[in-house]
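A.B. asks: Can you read through this structure? Questions will come right after.
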Amino acid sequence: HAVAARMMTVRHEWVTLYTNGGVKPFADGVRYLEKAPLPYWLVAASYQLFGVSEWSTRLPIALAVLALALLLFRVGGRIYGEQAGFYSALVILTSFGVYLFTRFFIPDIIVGLWLTAGMAFFWRTLEESPPLRLACWGLAATIALNVLTKGLIGLAFPAGIIFIFLLLTGNLRHLLRLRLLSSATIFLIIAAPWHILAGLRNPAAGQSRGFFWFYFINEHVKRFLGTRYPKDYDTVPLLLFWGLLLV
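Here it is as structure tokens:
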């Protein structure tokens with residue numbers, strides 16, 4: 015992952031990820047189409063500012079943890095009181111998962127940040143009557159940023175959470191109050207350009223099916239079905255996750 019971010023700065027290529035290769039674009043490089051670009055943009059920007067090092071690699075993740083803790087402090091304090099906000103931030107800062115995910119470069123902390131921010135904006139839409147544009151557009155923007163961070167789960171997770179919550183509370187009509195047209199426009203303005211450019215720069219050619227098949231079908235659909243190519247090399251039993259949840 016860190017190599018892909020470094021290749022951005024070496025090749026000055028900000029659309030297609032590469033894991034190695036020469037300086038000239040599309041020469042002697044291995045394209046890395048599995049991942050969304052935002053975490054790599056952040057680390058590449060850190061490299062540009064501070065040079066290539068372990069510290070600069072971890073800096074964006076560390077800042078994301080800090081932002082997540084501050085967000086939980088503010089949102090928790092607003093909803094449940096200042097003490098609850100403090101303990102919410104303390105829990106996230108001292109949790110084993112956060113410690114583990116900051117030891118190496120993976121985007122899950124950033125995903126958690128956007129998801130938490132999105133849920134905070136959604137909560138504001140429930141408090142306001144009618145919901146203000148800022149809350150609706152903030153929700154759309156955080157979902158789009160999460161798509162650029164982790165792919166389609168950045169859309170599926172918040173959409174699923176919101177739908178199930180409104181269904182269980184008998185308030186599905188609230189969806190119509192979220193300024194769907196303008197919110198969808200905000201989402202597309204942020205999320206669509208990279209996907210379009212990546213598709214145009216990596217078309218199907220010969221035996222290569224191109225970006226859209228590899229990224230959307232292979233990495234999103236076939237991966238979750240366990241049929242992606244190449245076959246996943248490291249899997250664990252599904253019951254393990256349920257066991258950890260029970261513990």
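Each residue of the sequence shown is one higher than the one before, counting from 15 in our numbering.
Don't be surprised by glycine CBs; every beta carbon is placed ideally from N, CA and C.
Grab me the residues of F255's own chain with a C-beta within less than 8 Å of its C-beta, minus the 5 sequence neighbours each way, in chain order.
C.D. replies: Here the set comprises nothing.
A.B. asks: Select from R215, G91, F110 and L260 the residue whose C-alpha is nearest the C-alpha of E27.
C.D. replies: Nearest of R215, G91, F110 and L260 to E27, Cα basis: R215.
A.B. asks: What would DSSP say about S60, mapped onto helix, strand or coil?
C.D. replies: Three-state result, S60: helix.
A.B. asks: One question on the structure: do G168 and V161 come within less than 8 Å of each other, judged by their Cβ atoms?
C.D. replies: Taking 8 Å as the Cβ cut-off, G168 and V161 qualify as a contacting pair.
A.B. asks: What does DSSP give as the partner residues of R242 in its beta bridges?
C.D. replies: Its beta-bridge partners do not exist; DSSP assigns none.
A.B. asks: Once DSSP output is grouped into helix, strand and coil, what is the label at R45?
C.D. replies: R45: strand per DSSP, three-state reduction.
A.B. asks: Are the beta-carbon atoms of R72 and T116 separated by less than 8 Å?
C.D. replies: Yes; because the gap between Cβ atoms is below 8 Å, this pair is in contact.
A.B. asks: Would L84 and T130 be called neighbours here (beta carbons separated by less than 8 Å)?
C.D. replies: Result no, Cβ atoms of L84 and T130 do not sit closer than 8 Å.
A.B. asks: Let's test the definition: count the other Cβ atoms within 10 Å of the Cβ of G271 and tell me whether it reaches 16, buried, or not, exposed.
C.D. replies: The chain is shown from 15 up to 261; residue 271 falls before or after that span and cannot be answered.
A.B. asks: Given this structure, state the Cα-to-Cα distance separating F135 from L146, to the nearest angstrom.
C.D. replies: Going from the Cα of F135 to the Cα of L146 covers about 10 Å.
A.B. asks: Expressed to the nearest angstrom, what Euclidean distance is found between the alpha-carbon atoms of N232 and C150?
C.D. replies: Approximately 32 Å between the Cα atoms of the pair.
A.B. asks: Exposed or buried, what is V235 when buried is set at 16 or more other beta-carbons lying within 10 Å of its beta-carbon?
C.D. replies: Under this definition V235 is an exposed residue.
A.B. asks: Alpha helix (DSSP H) containing W28: first to last residue?
C.D. replies: Where W28 is concerned, there is no enclosing alpha helix (DSSP H), given that its DSSP letter is neither H nor E.
A.B. asks: According to DSSP, simplified to helix, strand and coil, what is L259?
C.D. replies: Reduced to three states, the DSSP call for L259 is helix.
A.B. asks: Please go through the same chain and pick out, in chain order, the residues whose beta-carbon is closer than 6 Å to the beta-carbon of A81, but skip the five residues on each side of it.
C.D. replies: The answer, listed in chain order, is L127.
A.B. asks: Assuming N160 is part of the alpha helix (DSSP H), what are its boundary residues?
C.D. replies: Taken as a continuous stretch (DSSP letters only), the alpha helix (DSSP H) holding N160 covers R147 to K164.
A.B. asks: A219 bridges to which residues according to DSSP?
C.D. replies: In DSSP, A219 forms a bridge with S222.
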